[in-house]
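Asker: Starting off with a structure, shown below.
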Ligand code: SF4
């Protein structure tokens, strides 16, 4: 029996959805999310991980409809040619969506540079788009053995650490970033983490120390100097 118009329409909608980036929100101008560039930030909808400290709860639901149509994002970018240098894909988790590669192509075709913020949960997808990125902020959350408890997803650590390796092998500019407070893992593990990622080739590490947990108080000057000593560029952000 041939499909009914309703079934055909539903199938067409699904094809459209998988071809079009779902956007949870947009920041029209940032000076800090893409170093050295004036950029817009596109917050991609959906993330399969459930980190306890996530500040983007509204963006986690992968089934939520797009708050901003991708065509509207492109129309906005059209008005910013010559004013903005680039576009940052953030989230949620941008690499969750198959439509990300097409969205990057759309943005590059309009003359913008592209940055990606990712937790590295899909190493193969990341490897496929790395050649089309100008900058990456890779969120490395923890030592491998701490990951699953933090993200509440088995196997998440292997994926993130593999993404780190793939990014470093690519030579794409960027930073590795870690959010930390003493309730996540202890300072000795933080030092070990810094040593490990430096040994793998990370040169720029951003440590986002959460306040309110007493974390910044427990990181003294000596800790900070020791952590920074592993990298040619080190940023301490207090969240
Ligand atoms: S990976 Fe990022 S967006 Fe996803 S739950 Fe964790 S902190 Fe939130």
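Numbering (the numbering used here), first residue to last: 622 to 860.
Using N, Cα and C, we set each Cβ at its ideal position, and we do this for glycine too.
Since this is a predicted model, take the numbers as computed values, not measurements.
1. The alpha helix (DSSP H) that contains residue 744, what's its start and end?
2. May I ask you to verify whether the region 786-802 touches the region 764-771, counting CB pairs closer than 8 Å and requiring at least 3?
3. Within 10 angstroms of its Cβ, does residue 796 collect 16 or more other Cβ (buried), or is it exposed?
4. Got a sec? Which residues, its chain only, sit under 8 Å from residue 750 by beta carbon, not counting five neighbours each side?
5. Verify whether the separation of the beta carbon atoms of residue 666 and residue 643 is less than 8 Å.
6. Ends of the beta strand (DSSP E) at residue 858?
7. Determine, using beta carbons only, whether residue 671 and residue 772 come nearer to each other than 8 Å.
8. Answer yes or no: the CB of residue 672 versus the heavy atoms of the ligand SF4, is any distance below 7 Å?
9. In this structure, what does DSSP give as the bridge partners for residue 821?
10. Can you tell me whether residue 641 is helix, strand or coil according to DSSP?
11. Short check: CB of residue 828 to CB of residue 848, under 8 Å?
Answerer: Well, looking at it:
1. Here residue 744 corresponds to residue number 123 of the chain shown, with the count starting at 1. Here the alpha helix (DSSP H) through residue 744 covers 744-750.
2. no
3. Taking the chain shown and counting its residues from 1, one reaches residue 796 at position 175. It is buried - the Cβ of residue 796 has at least 16 other Cβ atoms within 10 Å.
4. In the chain shown, the residue the question calls residue 750 occupies position 129. Contacts found: 716, 721, 722, 725 and 737.
5. Within the chain shown, numbered from 1, the residue matching residue 666 stands at position 45. Within the chain shown, numbered from 1, the residue matching residue 643 stands at position 22. Taking 8 Å as the Cβ cut-off, residue 666 and residue 643 qualify as a contacting pair.
6. If you number the chain shown from 1, residue 858 lands on position 237. Segment 854-859, the beta strand (DSSP E) holding residue 858.
7. Along the chain shown, one-based indexing puts residue 671 at 50. Along the chain shown, one-based indexing puts residue 772 at 151. Yes. Within cutoff.
8. As a working mapping, residue 672 is identified with position 51 in the chain shown. Yes, the Cβ of residue 672 comes within 7 Å of a heavy atom of the ligand SF4.
9. Against the chain shown, residue 821 aligns to sequence position 200. None; residue 821 has no bridge partner.
10. Here residue 641 refers to the residue found at position 20 of the chain shown. Of the three classes helix, strand and coil, the one that applies to residue 641 here is coil, per DSSP.
11. Against the chain shown, residue 828 aligns to sequence position 207. Against the chain shown, residue 848 aligns to sequence position 227. Taking 8 Å as the Cβ cut-off, residue 828 and residue 848 qualify as a contacting pair.
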